[in-house]
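J.:
2 protein chains.
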Amino acid sequence: MYDPWVTTAEKLIEAAQDLLWERGYVGTSPKAIQRRSGAGQGSMYHHFDGKPDLARTAIRRSAEQMRATAEADLGGEGGALERVRAYLLRERSVLRGCRLGGLAQDPDIVADPELRRPLEETFDWLRGRLAEVLEEGRASGELAPALDARGTAAAIVAVVQGGYVLARSAADPAPFGQAVEGLLALLRTLSTAPGGARP
Amino acid sequence: MYDPWVTTAEKLIEAAQDLLWERGYVGTSPKAIQRRSGAGQGSMYHHFDGKPDLARTAIRRSAEQMRATAEADLGGEGGALERVRAYLLRERSVLRGCRLGGLAQDPDIVADPELRRPLEETFDWLRGRLAEVLEEGRASGELAPALDARGTAAAIVAVVQGGYVLARSAADPAPFGQAVEGLLALLRTLSTAPGGARP
DNA sequence: GTCTATAACGGGATAGAC
DNA sequence: GTCTATCCCGTTATAGAC
Numbered sequence: 001m002y003d004p005w006v007t008t009a010e011k012l013i014e015a016a017q018d019l020l021w022e023r024g025y026v027g028t029s030p031k032a033i034q035r036r037s038g039a040g041q042g043s044m045y046h047h048f049d050g051k052p053d054l055a056r057t058a059i060r061r062s063a064e065q066m067r068a069t070a071e072a073d074l075g076g077e078g079g080a081l082e083r084v085r086a087y088l089l090r091e092r093s094v095l096r097g098c099r100l101g102g103l104a105q106d107p108d109i110v111a112d113p114e115l116r117r118p119l120e121e122t123f124d125w126l127r128g129r130l131a132e133v134l135e136e137g138r139a140s141g142e143l144a145p146a147l148d149a150r151g152t153a154a155a156i157v158a159v160v161q162g163g164y165v166l167a168r169s170a171a172d173p174a175p176f177g178q179a180v181e182g183l184l185a186l187l188r189t190l191s192t193a194p195g196g197a198r199p
Numbered sequence: 001m002y003d004p005w006v007t008t009a010e011k012l013i014e015a016a017q018d019l020l021w022e023r024g025y026v027g028t029s030p031k032a033i034q035r036r037s038g039a040g041q042g043s044m045y046h047h048f049d050g051k052p053d054l055a056r057t058a059i060r061r062s063a064e065q066m067r068a069t070a071e072a073d074l075g076g077e078g079g080a081l082e083r084v085r086a087y088l089l090r091e092r093s094v095l096r097g098c099r100l101g102g103l104a105q106d107p108d109i110v111a112d113p114e115l116r117r118p119l120e121e122t123f124d125w126l127r128g129r130l131a132e133v134l135e136e137g138r139a140s141g142e143l144a145p146a147l148d149a150r151g152t153a154a155a156i157v158a159v160v161q162g163g164y165v166l167a168r169s170a171a172d173p174a175p176f177g178q179a180v181e182g183l184l185a186l187l188r189t190l191s192t193a194p195g196g197a198r199p
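Protein chains in written order, with full-length UniProt numbering: chain B, 1 to 199; chain Z, 1 to 199.
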């Protein structure tokens with residue numbers, strides 16, 4: 001378990017990532033980050049300028065990880081609908097919510113461009129990547145010619161983010177699954193394949 | 001502007017509603033509520049047991065208002081798709097987010113059943129009400145027979161909640177509109193009417 | 001009902017020793 | 001690089017006067 005290559009700065013970043021996920025930005029104190037990382041007061045202020053600086057680093061890190069996870073599904077094998085399906089049905093810790101999306105609720109995040117930008121960039125990328133996949137499906141004849149790739153992509157990302165909200169409100173992952181199933185049923189109507197014609 | 005019928009308790013509740021919307025639960029202090037309402041320290045603790053008690057009252061109030069607003073669109077005139085469309089395209093202060101959905105991110109809200117329950121009940125009601133409307137459309141022949149009313153309803157609510165997340169992340173209402181348009185395009189494929197057959 | 005005073009505590013950061 | 005001490009401020013309340 002002990003890894004000498006995990007530096008103090010690294011431990012601080014990871015602790016900050018976890019706490020930002022669990023408690024948001026306002027709800028995360030420097031003291032709590034120090035406790036969880038095992039680093040002392042002085043260490044934190046040696047490696048980072050303060051709470052916003054450490055948070056910025058942690059959020060950028062989470063954004064990178066989120067892109068990599070999404071790309072693993074969206075860049076995989078299979079048709080467009082199959083990859084979108086893989087993305088939507090991936091195992092998630094639904095009740096924890098989205099590491100990035102949850103921060104969008106925090107006014108201090110939205111107010112500081114340095115903290116907000118990673119969210120904006122990641123969701124822009126995700127919508128763009130989904131639109132690419134859908135567009136590929138349209139070009140190959142798998143999906144209906146009249147498909148609105150960018151709008152559909154935005155709806156897909158929104159269903160995931162909204163699904164988290166519904167699940168946390170209910171303290172139950174079920175509404176997330178129901179929203180995703182409802183979306184998948186709608187997406188099947190875009191398919192030109194025999195079974196997917198209409199509901 | 002001065003209304004003698006707006007009691008101190010009422011002013012406290014309204015100030016709490018506003019602040020919970022803007023800053024969330026952790027981000028809202030009793031002192032800030034007192035400042036905004038114009039009530040003193042003593043008044044607040046005379047009318048309410050403390051922050052959780054006042055927040056509970058404020059959240060219940062917001063939940064009532066949210067239901068009434070939704071019902072105004074969903075219980076209106078016209079076909080099923082027309083009413084869903086009215087609900088989705090209603091004017092919203094997108095960048096402020098949802099008064100209730102935003103609170104679902106707060107760990108202290110989710111941890112306290114008294115604070116979380118109004119969220120759960122309201123979203124349950126909303127999904128149920130949308131499912132009813134869609135079911136009516138299916139029964140009347142307006143919508144496709146194979147429609148999954150409950151799943152579709154969950155997806156609709158999720159797109160709205162997720163749309164808020166995307167818009168706040170971008171500090172721009174546009175992604176909300178894009179997600180809604182994408183969803184509406186998908187919903188049109190459910191229509192049995194001439195123009196709505198397929199994308 | 002409303003006011004002011006007070007208190008215990010945590011947040012966020014700085015200072016300087018080691 | 002890391003540690004402890006210290007600081008100022010805001011949070012969340014309680015107490016008691018008016």
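In this text, a Cβ means the ideal position worked out from N, Cα and C, and glycines have one as well.
Is there a Cβ from chain Z that is less than 7 angstroms from the Cβ of P199/B?
T.: Interpretation of P199/B is limited by its pLDDT of 48, a score under 50 that renders its predicted location unreliable; no figure is taken from the coordinates.
J.: Could you tell me the distance, in whole angstroms, from the CA atom of V6/B to the CA atom of V180/Z?
T.: Cα-Cα distance, rounded: 44 angstroms.
J.: Please report the straight-line C-alpha distance between V159/Z and V160/B, rounded to a whole angstrom.
T.: Cα to Cα, V159/Z sits roughly 8 angstroms from V160/B.
J.: I believe V165/B touches G101/Z by the beta-carbon criterion, under 8 angstroms. Please report the beta-carbon distance rounded to the nearest angstrom.
T.: Rounded, the Cβ-Cβ distance is 5 angstroms, consistent with contact.
J.: Where T69/Z and L183/Z are concerned, what is the direct C-alpha to C-alpha distance, given to the nearest angstrom?
T.: So the two alpha carbons sit approximately 21 angstroms from each other.
J.: Quick check: the stretch 69–88 of chain B against the stretch 131–145 of chain B, are there 3 or more CB pairs under 8 angstroms?
T.: Output reads yes: the stretch 131–145 of chain B touches the stretch 69–88 of chain B.
J.: Let's test the definition: count the other Cβ atoms within 10 Å of the Cβ of G163/Z and tell me whether it reaches 16, buried, or not, exposed.
T.: Per the 10 Å Cβ criterion, buried.
J.: How many angstroms separate the CA atom of K31/Z from the CA atom of Q41/Z?
T.: Near 7 angstroms, if we compare the C-alpha coordinates of Q41/Z and K31/Z.
J.: With 8 angstroms as the limit, tell me which residues of the UniProt domain "HTH tetR-type" (6–66) of chain B have their beta carbon closer than that to any beta carbon of chain Z; keep them in chain order.
T.: Cβ contacts with chain Z: E22, R23, G24, V26 and G27.
J.: Under 7 angstroms between C-beta atoms, does E136/B make it to chain Z?
T.: For E136/B, the answer is no, since every Cβ of chain Z falls outside 7 angstroms of its Cβ.
J.: Counting Cβ pairs closer than 8 angstroms, one from the stretch 165–178 of chain B and one from the stretch 88–103 of chain B, do we hit at least three?
T.: Judged by Cβ distances under 8 angstroms, the stretch 165–178 of chain B makes contact with the stretch 88–103 of chain B, as three or more pairs qualify.
J.: Can you list, in chain order, the residues of its chain whose CB lies under 7 angstroms from that of T8/Z, leaving out five sequence neighbours each side?
T.: Only A39, S43 and H47 meet the Cβ criterion.
J.: So with Cβ pairs under 7 angstroms, would you call residue 200/Z a contact of chain B?
T.: Residue 200/Z is absent from the model: chain Z starts at 1 and stops at 199.
J.: Let me see if you follow: with CB-CB separation under 7 angstroms, is L186/B close to chain Z or not?
T.: Chain Z, which has a Cβ nearer than 7 angstroms to the Cβ of L186/B, makes this yes.
J.: For L20/B, which residues from the same chain have a beta carbon less than 8 angstroms from its beta carbon, with the 5 sequence-adjacent residues on both sides left out?
T.: Once the five neighbours on either side are set aside, the close Cβ partners of L20/B are T28, A55, A58, I59, S62, R99 and L103.
J.: Could you check where the alpha helix (DSSP H) with residue 231/B kicks off and where it finishes?
T.: Missing from the structure shown is residue 231/B; chain B here goes from 1 to 199 and no further.
J.: Taking its Cβ as the centre, do 16 or more other Cβ atoms sit within 10 Å of D49/Z, making it buried, or is it exposed?
T.: By the 10 Å Cβ count, D49/Z comes out exposed.
J.: In chain B, which residues lie less than 8 angstroms from E120/Z when you measure between Cβ atoms?
T.: Chain B residues near E120/Z: S169, A170 and A171.
J.: Suppose the cutoff is 6 angstroms on Cβ atoms and the five residues either side in sequence are ignored; what does the same chain contact list for C89/B look like?
T.: Sequence check: residue 89/B is Leu here, not Cys. No residues qualify anywhere along the chain.
J.: So with Cβ pairs under 7 angstroms, would you call P4/Z a contact of chain B?
T.: Not one chain B Cβ lies under 7 angstroms of P4/Z.
J.: Since L184/Z is in the alpha helix (DSSP H), which residue starts that stretch and which ends it?
T.: Counting along the chain, the alpha helix (DSSP H) containing L184/Z begins and ends at A174 to R188.
J.: State the start and end residues of the unbroken alpha helix (DSSP H) segment that holds S45/B.
T.: Position check: residue 45/B holds Tyr in this sequence, whereas Ser was assumed. It spans Q41 to H47 - the alpha helix (DSSP H) in which Y45/B sits, taken as one unbroken run.
J.: So, for L119/B: in the same chain, excluding its five sequence neighbours on each side, which residues have a beta-carbon less than 7 angstroms away from its beta-carbon?
T.: Only L100, L103 and A104 meet the Cβ criterion.
J.: Considering only their Cβ atoms, is the gap separating A131/B from A149/B smaller than 7 angstroms?
T.: Yes, these two residues count as a Cβ contact at 7 angstroms.
J.: Can you give the beta carbon distance from R23/Z to P113/B, rounded, assuming they're within the 8 angstroms contact cut?
T.: That belief does not hold up - the Cβ atoms of R23/Z and P113/B are roughly 19 angstroms apart, past 8 angstroms.
J.: Using the three-state DSSP reduction, which class does L100/B fall into: helix, strand or coil?
T.: Coil.
J.: Rank S169/Z, A139/Z and L126/Z by C-alpha distance to the C-alpha of A155/Z and give the top, closest one.
T.: With distances taken between Cα atoms, A155/Z lies closest to L126/Z.
J.: May I ask you to list the residues that DSSP assigns as paired with L143/B?
T.: Answer is S191/B, bridged to L143/B.
J.: Using Cβ-Cβ distances below 9 angstroms, what residues of the stretch 151–166 of chain Z are close to chain B?
T.: Hits within the stretch, in order: G151, T152, A153, A154, A155, I156, V157, A158, V159, V160, Q161, G162, G163, Y164, V165 and L166.
J.: Just to confirm the assignment: which complete alpha helix (DSSP H) runs, minimum length 4, are found wholly within the stretch 74–134 of chain B?
T.: Within the stretch 74–134 of chain B, the complete alpha helix (DSSP H) runs of at least 4 residues are 80–89 and 107–111.
J.: Rounded to whole angstroms, what's the CA-CA distance from R85/Z to E71/B? Just pull it up for me.
T.: Roughly 33 angstroms between the two C-alpha positions.
J.: Closest Cβ-Cβ distance between D73/Z and chain B: below 7 angstroms?
T.: Judged by the 7 angstroms Cβ criterion, D73/Z is not in contact with chain B.
J.: Write down the C-beta distance between residue 206/Z and A170/B rounded to the nearest angstrom, noting that I regard them as a contact closer than 8 angstroms.
T.: No answer is possible for residue 206/Z: it lies beyond the span of chain Z, which begins at 1 and ends at 199.
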